[in-house]
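Chemist: Chains A and B supply the protein sequences, listed in that same order.
All residue numbers for the first sequence refer to my numbering, where the first residue is 34 and numbers rise by one.
All residue numbers for the second sequence refer to my numbering, where the first residue is 31 and numbers rise by one.
Cβ atoms here follow ideal geometry from the backbone N, Cα and C, with glycine treated the same way.
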Amino acid sequence: MDEAPLTIYQAHLDKGELAYQWSPAAGRAVFYPRLVCPHSGSTALEWRVASGLGTVYATTVTHPAQGEPYNVALVDCDEGFRLMSRVEDIDPMAVRIGMRVRFRVHKPGGDTVGDEPAYPVFVPVEGAP
Amino acid sequence: MSGLLRGGAAIVGVAESDLGHVADGLNPIDLMAQGVARALEDCGLALRDVDGLFCATAQARTSGLSLAEYLGISPAYIDTTILGGSSFEFHVAHAAAALQLGLCQVAVIAYGSTQRSIGRRQASVREVNPYETPFRPFLPSTAYALAASRHMHEFGTTREQLAEVAVAARQWALLNPAAWEKKPLSIPEVLGARMVSYPFTVRDICLVTDGGGAVVMTDAERAGSLKKPPVYVLGCGSAITHANISSMPDLTLTGAIQSGQQAYAMAGLKAADIDVVELYDAFTINPILFLEDLGFCPKGEGGRFVEEGAIAPGGRLPVNTNGGGLSYCHPGMYGLLILIEAVRQLRGECGARQVPGAATAIAHGNGGVLSSQSTVILGTAATV
Chain A
34 MDEAPLTIYQ AHLDKGELAY QWSPAAGRAV FYPRLVCPHS GSTALEWRVA SGLGTVYATT
94 VTHPAQGEPY NVALVDCDEG FRLMSRVEDI DPMAVRIGMR VRFRVHKPGG DTVGDEPAYP
154 VFVPVEGAP
Chain B
31 MSGLLRGGAA IVGVAESDLG HVADGLNPID LMAQGVARAL EDCGLALRDV DGLFCATAQA
91 RTSGLSLAEY LGISPAYIDT TILGGSSFEF HVAHAAAALQ LGLCQVAVIA YGSTQRSIGR
151 RQASVREVNP YETPFRPFLP STAYALAASR HMHEFGTTRE QLAEVAVAAR QWALLNPAAW
211 EKKPLSIPEV LGARMVSYPF TVRDICLVTD GGGAVVMTDA ERAGSLKKPP VYVLGCGSAI
271 THANISSMPD LTLTGAIQSG QQAYAMAGLK AADIDVVELY DAFTINPILF LEDLGFCPKG
331 EGGRFVEEGA IAPGGRLPVN TNGGGLSYCH PGMYGLLILI EAVRQLRGEC GARQVPGAAT
391 AIAHGNGGVL SSQSTVILGT AATV
């Protein structure tokens, strides 16, 4: 094993891509990335890049002891996998289940490579219900 | 659970350790041992009789070794399954199996936590998950809040209905001298409390206390000759569905559906046959989910079911009669204390909060972020 699934996933994010795995044996998407397909037991997992479009499945607003409240959501991506993320560019309480959202890469350290890796966030799809 | 004999094993001794905010310097193993000593006293057995050891805590890597050393025992059978707060309901099933197979004769199940006195951050180390941690979920609250959001969306469950659960727990707690909370609570007070993770305010969330205790189990034959009336294990069931909330298949359907079905099948009972209901209430959404998934009301009706004091003292169904994790005690893995209350109700030891004539009880443990579910159905000798 030359590269861990997390390393490959992270390299895609660094390029601005949201990657997931496809299991030919199970005929379905796998997320989070791993070495063994949980639907079939197969170790033959292919990497694919998601369209970045999804729908909010569940949402909450977490209120930290210090700082502003922020959204935490579960997003169902159109390719059939779910991930935890947050919806940005909108009041966190205005995030609704069923809202169409689009992926955007978030780089905590900006474009300089820092200690904190890039991660996927979402924004509302304009014009979508 | 198929293979286990209905009524083959019994809980014969129960005890809480010190609860709430325990004396400085006490550690989780102290509380486990204190619980074991008190539970043995409760049934009239001695430490030398114990040859089966079951325990779990978030604060010790190898608590089975620590507790055996502390007590000076070398148990023939040991099981330190740890699956979150439901671990002890799993232990009951595992102990029943070990007793049935003759792997041990007297089993103790123990728990201890000092998360309040040492601070929650120190008590349970946060695991980093690269697919969740960046989003700063305040776990476990955020995960249960996500489940609540889904329940509200699909079934129209309201924050007021969630608050009903907290208010009912408080009313029960006021009848329990051992409960942490001592003052009444109203629905507006729940709704107006500090928001933690929408829709939960701090009053929708379990307490952070110290505590622990122990349960003693033995086979049905030996159980009949001890100090107090045995409480028989009529049914057991368990299910795990995920570890992280982002991998839970459907946030409104818990593994309690499967664990309940297994336990009812083994017990030959259904929800309508249960007199006392003890459900792991880490958050106000939990009893709503478990009332549905254990068959006390249809899926989606849990919010409406708990309205107007229906699960409070004097309501239609006695739920969490000790005051629950919300108002009695929540040391982090509350499942052991659920078993203790169910046993005491079936013995008729509960004073002002006693459910008259209780003969059957369900003790349902939940662990992780709705991840592990384990159901134990208990009954008096008349039900065996």
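1) Hey, out of B:Val52, B:Arg150 and B:Ala244, whose CA is closest to Cys236 (chain B)'s CA?
2) So, helix, strand or coil for Asn426 (chain B), using DSSP?
3) Thr95 (chain A) CB to nearest chain B CB: under 8 Å?
4) So, helix, strand or coil for Asn316 (chain B), using DSSP?
5) So Val261 (chain B) packs on Leu408 (chain B), CB below 8 Å; how close in whole Å?
6) Unbroken alpha helix (DSSP H) runs of length 4 or more, entirely within the region 33 to 92 of chain B: which are they?
7) Going by beta-carbon coordinates alone, are Leu75 (chain B) and Leu256 (chain B) separated by less than 8 Å?
8) Can you tell me where the beta strand (DSSP E) holding Gln403 (chain B) begins and where it ends?
9) For the beta strand (DSSP E) that contains Pro157 (chain A), what are its first and last residues?
10) Is Tyr100 (chain B) helix, strand or coil when you go by DSSP?
11) Under three-state DSSP, which class holds Gly222 (chain B)?
12) Per DSSP, what are the beta-bridge partners of Asn274 (chain B) in this structure?
13) Figure out for me which residue from B:Ser227, B:Ile315, B:Tyr310 and B:Leu215 has the closest Cα to the Cα of Ala393 (chain B).
14) List, in chain order, every chain A residue whose beta-carbon is nearer than 8 Å to that of Arg180 (chain B).
15) Quick check on Ala128 (chain B): buried or exposed, where buried means 16 or more other Cβ atoms within 10 Å of its Cβ?
16) For Ser401 (chain B), does the count of other Cβ atoms within 10 angstroms reach 16, so buried, or fall short, so exposed?
17) I'd like the list of long-range same chain contacts for Glu149 (chain A), defined as Cβ closer than 7 Å, with 5 residues on each side in sequence excluded.
18) If we ignore side chains and look at the alpha-carbon of each, how far apart do Tyr7 (chain B) and Leu61 (chain B) end up?
19) So Pro57 (chain A) packs on Ala77 (chain A), CB below 8 Å; how close in whole Å?
20) Along the alpha helix (DSSP H) that carries Glu251 (chain B), what are the first and last residues, could you check?
21) CB-CB under 7 Å to Gln201 (chain B), same chain, minus the five flanking residues each way: which ones, in chain order?
22) Look at Gly65 (chain B) and Ala209 (chain B) and say whether their C-beta atoms are less than 8 Å apart.
23) In the DSSP assignment, find the beta strand (DSSP E) that holds Leu116 (chain A) and state where it starts and stops.
24) Write down every uninterrupted run of the beta strand (DSSP E) in the region 86 to 150 of chain A whose length is 3 residues or greater and which is fully enclosed by it, in chain order.
25) Between which residues of its own chain and Ala63 (chain B) is the CB-CB distance below 7 Å, once the five residues before and five after are set aside?
26) Return no unless some Cβ of chain A is closer than 8 Å to the Cβ of Ser401 (chain B).
Modeler: Result, derived from the coordinates:
1) Residue 236 (chain B) sits at position 206 when you count from the first residue of the second sequence. Here the closest residue by C-alpha is B:Arg150.
2) There is simply no residue 426 (chain B) to check, as chain B begins at 31 and stops at 414 in what is shown.
3) In the first sequence, the residue the question calls residue 95 (chain A) occupies position 62. Closer than 8 Å to some Cβ of chain B, the Cβ of Thr95 (chain A) qualifies, so yes.
4) Stepping through the second sequence from its first residue, residue 316 (chain B) is reached at position 286. Note: Asn316 (chain B) maps to helix in three-state DSSP.
5) As a first step, residue 261 (chain B) must be located in the second sequence, where it is residue number 231. As a first step, residue 408 (chain B) must be located in the second sequence, where it is residue number 378. Confirmed, about 5 Å.
6) 58 to 73
7) What you label residue 75 (chain B) is simply residue 45 of the second sequence in a count that begins at 1. What you label residue 256 (chain B) is simply residue 226 of the second sequence in a count that begins at 1. Yes, they are a contact pair.
8) Counting from one through the second sequence, the residue named residue 403 (chain B) turns up at place 373. Looking at the DSSP string, the run of the beta strand (DSSP E) that includes Gln403 (chain B) is Ser402 to Gly409.
9) Within the first sequence, residue 157 (chain A) is the residue found at index 124, counting from 1. Run containing Pro157 (chain A): Tyr152 to Pro157, per the beta strand (DSSP E) assignment.
10) Working through the second sequence from its first residue, we reach residue 100 (chain B) at position 70. Of the three classes helix, strand and coil, the one that applies to Tyr100 (chain B) here is helix, per DSSP.
11) On the second sequence, residue 222 (chain B) is found 192 positions in, with the first residue counted as 1. The answer is helix: DSSP assigns Gly222 (chain B) an H, G or I state.
12) As a first step, residue 274 (chain B) must be located in the second sequence, where it is residue number 244. Answer is none; Asn274 (chain B) lacks a bridge partner.
13) In the second sequence, residue 393 (chain B) corresponds to position 363, counting from 1. Minimum Cα distance to Ala393 (chain B) is reached at B:Tyr310.
14) To locate residue 180 (chain B), count along the second sequence from 1; it is residue 150. Those are Tyr90, Ala91 and Ile130, listed as they occur along chain A.
15) The residue given as residue 128 (chain B) occupies position 98 in the second sequence. The residue is buried, with at least 16 neighbouring Cβ atoms inside 10 Å.
16) In the second sequence, the residue the question calls residue 401 (chain B) occupies position 371. Burial call: buried.
17) Within the first sequence, residue 149 (chain A) is the residue found at index 116, counting from 1. Cβ neighbours of Glu149 (chain A) beyond the five flanking positions: Pro141 and Gly142.
18) Outside the shown range of chain B, which is 31 to 414, sits residue 7 (chain B), and nothing can be said about it.
19) Taking the first sequence and counting its residues from 1, the one referred to as residue 57 (chain A) is at position 24. Taking the first sequence and counting its residues from 1, the one referred to as residue 77 (chain A) is at position 44. Between Ala77 (chain A) and Pro57 (chain A) the Cβ distance is about 6 Å, and since that is below 8 Å, they are a contact.
20) For the purposes of this step, residue 251 (chain B) is taken as residue 221 along the second sequence, with counting starting at 1. From DSSP, the alpha helix (DSSP H) with Glu251 (chain B) extends over Ala250 to Ala253.
21) By 1-based counting over the second sequence, the position of residue 201 (chain B) is 171. The residues are Ala342 and Pro343.
22) Walking along the second sequence from the start, residue 65 (chain B) turns up at place 35. Walking along the second sequence from the start, residue 209 (chain B) turns up at place 179. Going by C-beta atoms, Gly65 (chain B) is not nearer than 8 Å to Ala209 (chain B).
23) In the first sequence, the residue the question calls residue 116 (chain A) occupies position 83. Counting along the chain, the beta strand (DSSP E) containing Leu116 (chain A) begins and ends at Arg115 to Ser118.
24) 86 to 95, 103 to 110, 115 to 118 and 133 to 139
25) Walking along the second sequence from the start, residue 63 (chain B) turns up at place 33. Hits under 7 Å: Leu97, Tyr100 and Leu101.
26) Mapped onto the second sequence, residue 401 (chain B) falls at position 371. So, not an interface residue.
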